[in-house]
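The structure under discussion appears below in the form of structure tokens.
Written as structure tokens, this is what we have:
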């Protein structure tokens, strides 16, 4: 069983990547959230969920441990398998999912392909209490400063991939702004508006 893989990303396609570890290429299935965070040709660490079912063995990788932990919560819901779990994490960020589940917003969850209203309702019921524990652990382990640091790092990575230099980004990212952003998507939209003015 694998806990994580450190290796060079040699193939990057929709839904999976190939990780070269000491000359051996591992096919690792990933969510779009993770896919967006890794770059072809770079050495990356992916935290692994070992998906074993009868005679099938697949590696599922995540850029962050917390995403893997959340994935495990999702697939413990009856009817949510590997593919649907990845689809959920490809459609929404963890922060978005926390809010959706807290609000019991089944309608929004049904935007995930193959996740109907009944299954969405079951997911919310089964995950809601576990989500409280997940949030508590996340809060204790990371603290506000670590969360802010992670958000800042994500902002620089995302805008850097769009061609903006660190100098350009520095002009529009302040500590006050970081406190006000709830998600990376919100941050990017706001900063791009400021840059375009």
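Residue numbers (our numbering): 7 to 203.
For each residue, glycine too, the CB sits at the ideal point set by N, CA and C.
Please state the DSSP three-state secondary structure of residue 80. helix
Kindly indicate the opening and closing residues of the beta strand (DSSP E) around residue 15. 10 to 19
Kindly list the residues whose CB is nearer than 6 Å to the CB of residue 198, restricted to its own chain and excluding five residues on each side of it in sequence; keep chain order. none
Exposure label - residue 115; buried when at least 16 CB within 10 Å: buried
Is the number of C-beta pairs between the stretch 67 to 84 and the stretch 38 to 49 that are closer than 8 Å three or more? yes
Do the stretch 156 to 168 and the stretch 103 to 123 touch if we need at least three Cβ pairs shorter than 8 Å? no
Pair within 8 Å by beta-carbon distance, residue 161 and residue 179: yes
With residue 40 as the anchor, note down where its alpha helix (DSSP H) starts and where it stops. 38 to 43
Below 8 Å on the Cβ atoms is my contact criterion, and I expect residue 27 with residue 11 to pass it. Report the Cβ-Cβ distance as a whole number of Å. 6 Å
Just curious, the alpha helix (DSSP H) that residue 111 is in, first and last residue? Run containing residue 111: none; DSSP gives neither H nor E here.
If distances are taken between C-alpha atoms only, which option among 187, 128 and 21 comes closest to residue 79? 128
Quick one: Cα of residue 110 to Cα of residue 66, how far? 28 Å
Nearest residue (CA-CA) to residue 134, options 159, 158 and 108: 108
Assuming residue 59 is part of the beta strand (DSSP E), what are its boundary residues? 49 to 59
Bridge partners of residue 120, per DSSP? Looking at the DSSP assignment, residue 120 forms no beta bridge with any residue, so it has no partner.
Suppose the cutoff is 6 Å on Cβ atoms and the five residues either side in sequence are ignored; what does the same chain contact list for residue 136 look like? 79
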